[in-house]
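Counted from 1, the sequence shown has number 96 at position 37 by my numbering; the numbering is strictly sequential.
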Amino acid sequence: MAPGLEGRRFVEIGWRLDKPFWGKGYACEAARRILDFAFTEVGLEEVVAFTTISNYRSESVMKKLGMIRDEKTFFHPALTEDHPLKEHILYRIQRSHDV
Numbered sequence: 060m061a062p063g064l065e066g067r068r069f070v071e072i073g074w075r076l077d078k079p080f081w082g083k084g085y086a087c088e089a090a091r092r093i094l095d096f097a098f099t100e101v102g103l104e105e106v107v108a109f110t111t112i113s114n115y116r117s118e119s120v121m122k123k124l125g126m127i128r129d130e131k132t133f134f135h136p137a138l139t140e141d142h143p144l145k146e147h148i149l150y151r152i153q154r155s156h157d158v
């Protein structure tokens, strides 16, 4: 579990696009709309996103959304200790942030 999320209820946002659609802004556009809905319609206070430390494109989306990276990394609990994608980073965004 990601540091700071243990025992807490949280909402995660994520995206997965086929390679021909990378770098076209689709993930950012869709995520902005979802975050706006999550904060204005649902009334959430915080939304999180995580990815492997090597997924720079996904991390770039998180940064463009104004999400803030937690200092600590964490190991994904569903992956084995020797799995190359085991280490993850966590980003957060608060309702008060302008999406």
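Think of the CB as a built atom: it goes at the ideal place given N, C-alpha and C, for glycine as much as any other residue.
From residue i to residue j, what distance separates their C-alpha atoms?
i	j	result
Glu71	Asp95	14 Å
Ala137	Thr110	13 Å
Glu140	Val101	37 Å
Thr132	Leu144	12 Å
Ser119	Leu76	14 Å
Ile93	Glu130	25 Å
Ile152	Ser113	21 Å
Along the chain, where does the alpha helix (DSSP H) that runs through residue i open and close?
i	result
Val120	115 to 123
Pro137	Note on residue identity: the sequence assigns Ala, not Pro, to residue 137. Here Ala137 belongs to no alpha helix (DSSP H), and DSSP marks it neither H nor E.
Leu96	Inspection of the sequence shows that residue 96 is occupied by Phe rather than by Leu. Unbroken alpha helix (DSSP H) run through Phe96: 85 to 96.
Since residue i is in the beta strand (DSSP E), which residue starts that stretch and which ends it?
i	result
Ile152	146 to 153
Glu130	Neither: Glu130 is in no beta strand (DSSP E) and is coded neither H nor E.
Glu105	105 to 111
Can you give me the Cβ contacts of residue i inside the same chain, cut-off strictly under 6 Å, excluding the 5 residues immediately before and after it?
i	result
Phe98	Arg154
His147	Phe109, Thr111, Phe133, His135
Trp74	Ala86
Tyr150	Ala108, Met121, Met126, Arg128
Ser117	Thr110
Phe69	Val107
Glu104	Arg154
What residues in its chain sit with their C-beta under 8 Å from that of residue i, if we drop five residues either side in the sequence?
i	result
Pro79	none
Gly82	Arg116
Is it a yes or a no for the segment 85 to 102 touching the segment 123 to 140, going by three-plus beta-carbon pairs under 8 Å?
Because the criterion of three Cβ pairs below 8 Å is met, the segment 85 to 102 and the segment 123 to 140 touch.
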